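Contents: one structure, followed by commentary.
This is the structure we're talking about:
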């Protein structure tokens, strides 16, 4: 697991290309900032890359309650965007 800033966890991203991981961290960080501004009781977000899948992403948002989203796409960034943007709707 990769921990970013204490309130962001990336699970199963250890084997992702280093260049891609830099972009993933920025995308997740930007979304987390927007989500934490919207969700006043924001505690933590966990983004999981499901092993043995073609970019299936699961996101768990911890606030006063736990919210979850999931997305799968052959493009990792589309899957990441779709699963994180659900918390901003």
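Residue numbers (the numbering used here): 4 to 92.
Glycine residues also receive a C-beta, built at the ideal position from the N, C-alpha and C atoms.
Since the model is a prediction, treat every value here as computed from it, not as a measurement.
Give me, in chain order, the residues of the same chain whose beta-carbon lies closer than 6 Å to that of residue i; leave out the 5 immediate sequence neighbours on both sides.
i          : result
residue 89 : 72
residue 74 : 60, 82, 85, 86
residue 70 : 64
residue 54 : 15
With residue i as the anchor, note down where its alpha helix (DSSP H) starts and where it stops.
i          : result
residue 13 : Counting along the chain, residue 13 falls outside any alpha helix (DSSP H), though it belongs to the beta strand (DSSP E) covering 11–14.
residue 26 : 21–41
residue 91 : It is not in any alpha helix (DSSP H) - residue 91 carries neither H nor E in the DSSP assignment.
Alpha carbon to alpha carbon, what distance is there between residue j and residue i?
i          : j          : result
residue 49 : residue 63 : 5 Å
residue 13 : residue 26 : 13 Å
residue 40 : residue 31 : 14 Å
residue 34 : residue 56 : 23 Å
residue 22 : residue 36 : 22 Å
residue 76 : residue 10 : 26 Å
residue 91 : residue 19 : 26 Å
So, at 7 Å on beta carbons, what are the nonlocal neighbours of residue i in its own chain, with the 5 sequence-adjacent residues on each side left out?
i          : result
residue 16 : 5, 24, 27, 52
Check for me: the beta strand (DSSP E) holding residue i runs from which residue to which?
i          : result
residue 64 : 59–65
residue 73 : 69–75
If you pair each beta-carbon of the stretch 33–47 with each one of the stretch 74–81, do three or more pairs fall below 8 Å? As far as the Cβ criterion goes, the stretch 33–47 does not touch the stretch 74–81, which means the pair count is below three.
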